[in-house]
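Undergrad:
Protein chains: 2
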Amino acid sequence: MTTDTTDTAWLDQGQQRTWRAFLVGTTLLMERLDRDLRDQHNLSMPEYEILVRLSEADSRCMRMAVLADSVSHSRSRVTHTIARLEKAGLVIRAACQSDGRGVEARLTEKGFAALEEAAPTHVAGVRRFLVDLVPEEDLEAVGRVFNAVADSLIEQNPAMDVR
Amino acid sequence: MTTDTTDTAWLDQGQQRTWRAFLVGTTLLMERLDRDLRDQHNLSMPEYEILVRLSEADSRCMRMAVLADSVSHSRSRVTHTIARLEKAGLVIRAACQSDGRGVEARLTEKGFAALEEAAPTHVAGVRRFLVDLVPEEDLEAVGRVFNAVADSLIEQNPAMDVR
DNA sequence: AGCGATTCGTTTAATCTTCAACCATGCGAT
DNA sequence: ATCGCATGGTTGAAGATTAAACGAATCGCT
């Protein structure tokens with residue numbers, strides 16, 4: 294924008310540069326982590342994230358809605374993702390005991406094994422392309438910032454296992 | 294992961310929390326900015342980004358490949374995005390003078406107007422859900438971090454208009 | 001108990017992105 | 001000149017995500 298007849302509070306040059314670096318950086322980072330997982334372990338990032346959450350849950354099993362909230366994806370999306378994982382035999386679905394509407398997704402042994410295999414690749418990527426690249430205090434700042442962002446965007450969200 | 298027979302350099306708890314906050318935060322942030330643009334201006338984030346780049350270029354016109362590099366999207370993706378924008382009349386394509394293979398995308402008046410309309414919405418969102426939420430020095434850290442990330446992931450990329 | 005409003009999860013279709021194959025042009029060496 | 005190869009960009013199909021509509025079960029209230 295050059296001439297400006299609005300009263301919009303534009304970003305200053307530094308903020309602008311930060312914002313674009315963020316956009317480009319995340320685009321490249323996500324793409325790279327995703328590609329590595331796909332090429333080496335036949336998993337996408339979203340699929341991997343789901344497996345991680347399940348692996349940490351009691352009896353490696355979670356309700357669909359809780360799972361959806363924990364990764365901040367839509368329920369529809371999680372339904373599709375779980376469907377794929379189920380087809381691959383990494384997860385299995387079962388009706389929920391306590392709530393007739395509910396469905397629980399449980400990690401299979403095969404799913405757990407797949408996660409164990411993929412994890413080192415993923416973590417190495419996160420280190421190599423992010424964590425090990427910058428001073429610890431900058432990384433901590435990133436943590437503060439995105440916690441604030443997430444908090445400000447989560448309104449009606451009971452499942453606070455998010456972080 | 295609980296028991297660990299690998300020699301993988303796992304993330305410590307703080308790094309882990311940072312990483313997850315980043316994932317969840319960016320997911321929610323992007324989704325929100327995208328939704329706002331769509332609802333109010335019928336533009337997606339990627340489309341908006343393309344329009345921004347074009348608006349800043351000489352004669353509001355760029356080669357496809359340069360455009361692709363500048364937003365860090367695949368060429369195929371940019372082809373599709375530009376096709377949509379062209380159908381909407383916001384952009385027009387023309388053969389490149391100097392290089393018979395080349396195609397230039399030029400912002401139309403209508404496209405420029407659409408961008409002028411959408412920009413305040415977008416910037417307000419970036420402020421509200423990111424910039425205004427955190428101390429300036431934390432934001433600057435974010436800039437440093439993602440510049441480093443982008444740099445480390447850009448190898449063979451001649452177009453350095455990225456930032 | 002019964003009724004309306006919510007919540008849960010799925011489904012289908014539309015939209016967007018990725019992937020692989022492809023043609024045309026330009027470049028460099030011979 | 002011409003051959004081989006790299007680059008620029010598009011295409012169509014496959015894959016993933018979003019959006020909207022839906023049925024089923026639960027909850028809250030009376």
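Keeping their order, the protein sequence lines are chains A and B.
So for the first sequence, our numbering puts the first residue at 294; every next one is plus one.
So for the second sequence, our numbering puts the first residue at 294; every next one is plus one.
Even for Gly, the Cβ is constructed at its ideal location relative to N, Cα and C.
From a predicted model like this one, the values you see are computed outputs, not experimental measurements.
Where are the alpha helix (DSSP H) runs, 4 residues long or more, that stay fully inside the segment 327 to 411 of chain B, in chain order?
TA: Entirely contained in the segment 327 to 411 of chain B, the alpha helix (DSSP H) runs reaching 4 residues are, in chain order, 338 to 349, 357 to 364, 368 to 380.
Undergrad: My assumption, with CB atoms under 8 Å, is that R353 of chain B sits in contact with F405 of chain B. Please give the rounded CB distance.
TA: Translated into positions along the second sequence, residue 353 of chain B becomes position 60. Translated into positions along the second sequence, residue 405 of chain B becomes position 112. Correct: roughly 7 Å between the Cβ atoms.
Undergrad: Who are the neighbours of T374 of chain B on chain A, taking C-beta pairs under 8 Å?
TA: Taking the first residue of the second sequence as 1, we reach residue 374 of chain B at position 81. The premise fails here: T374 of chain B is roughly 14 Å from chain A at the closest Cβ pair, so nothing lies under 8 Å.
Undergrad: Drop a sphere of 10 angstroms on the beta-carbon of H366 of chain B, count the other beta-carbons inside from all chains shown, and report buried for 16 or more, exposed for fewer.
TA: The count along the second sequence starts at 1 and reaches residue 366 of chain B at position 73. Its Cβ being crowded by 16 or more others within 10 Å, H366 of chain B is buried.
Undergrad: DSSP three-state call for P428 of chain B: helix, strand or coil?
TA: Locating residue 428 of chain B in the second sequence gives position 135, counting from the first residue. Looking at P428 of chain B - three-state DSSP - the assignment turns out to be coil, as it is neither helix nor strand.
Undergrad: Would N335 of chain A be called buried (16 or more neighbouring beta carbons within 10 Å of its own) or exposed?
TA: Here residue 335 of chain A refers to the residue found at position 42 of the first sequence. Exposed is the call here.
Undergrad: So, is Q308 of chain A buried or exposed, given that buried needs 16 or more other C-beta atoms within 10 angstroms?
TA: Mapped onto the first sequence, residue 308 of chain A falls at position 15. Buried.
Undergrad: Rounded to a whole number of angstroms, what is the C-alpha to C-alpha distance between V384 of chain A and A398 of chain A?
TA: On the first sequence, residue 384 of chain A is found 91 positions in, with the first residue counted as 1. On the first sequence, residue 398 of chain A is found 105 positions in, with the first residue counted as 1. One C-alpha to the other measures close to 6 Å.
Undergrad: Just mark M355 of chain B as buried or exposed, buried being the case when its beta carbon has 16 or more other beta carbons within 10 Å.
TA: As a working mapping, residue 355 of chain B is identified with position 62 in the second sequence. Buried.
Undergrad: Can you check whether the CB of L321 of chain A is closer than 8 Å to the CB of V419 of chain B?
TA: Working through the second sequence from its first residue, we reach residue 419 of chain B at position 126. Working through the first sequence from its first residue, we reach residue 321 of chain A at position 28. Their beta carbons are not under 8 Å apart, which means V419 of chain B does not touch L321 of chain A by this criterion.
Undergrad: Consult DSSP for T299 of chain B and reduce its assignment to one of helix, strand or coil.
TA: Counting from 1 along the second sequence, the entry for residue 299 of chain B is found at position 6. Note: T299 of chain B maps to coil in three-state DSSP.
Undergrad: Could you check which residue in B:L408, B:S445, B:L432 has the C-alpha nearest to that of Q306 of chain A?
TA: For this step, residue 306 of chain A is matched to residue 13 along the first sequence. Selected option, being the one with the closest Cα: B:L432.
Undergrad: Less than 7 Å between the CB of E448 of chain A and some heavy atom of the ligand HEM, yes or no?
TA: Ligands are entirely absent from the displayed structure, and the ligand HEM is therefore not among its contents.
Undergrad: So which residues on chain B does D431 of chain A lean against when the C-beta distance must stay under 7 Å?
TA: The residue labelled residue 431 of chain A in the question sits at position 138 within the first sequence. Result: A434, R437, V438.
Undergrad: In the structure shown, what three-state DSSP assignment does L322 of chain B receive?
TA: Within the second sequence, the letter at position 29 stands for residue 322 of chain B. Three-state DSSP puts L322 of chain B in a helix.
Undergrad: If I'm right that T319 of chain B touches T319 of chain A with Cβ under 8 Å, what's the distance once you round it to whole angstroms?
TA: Along the second sequence, one-based indexing puts residue 319 of chain B at 26. Along the first sequence, one-based indexing puts residue 319 of chain A at 26. Between T319 of chain A and T319 of chain B the Cβ distance is about 6 Å, and since that is below 8 Å, they are a contact.
Undergrad: Classify L304 of chain B as helix, strand or coil using the three-state DSSP reduction.
TA: Residue numbering aside, residue 304 of chain B sits at position 11 when the second sequence is read from its first letter. Coil at L304 of chain B, not helix or strand.
Undergrad: Taking 8 Å as the cut-off, decide whether the C-beta atoms of V371 of chain A and L378 of chain A are in contact.
TA: Here residue 371 of chain A corresponds to residue number 78 of the first sequence, with the count starting at 1. Here residue 378 of chain A corresponds to residue number 85 of the first sequence, with the count starting at 1. Taking 8 Å as the Cβ cut-off, V371 of chain A and L378 of chain A do not qualify as a contacting pair.
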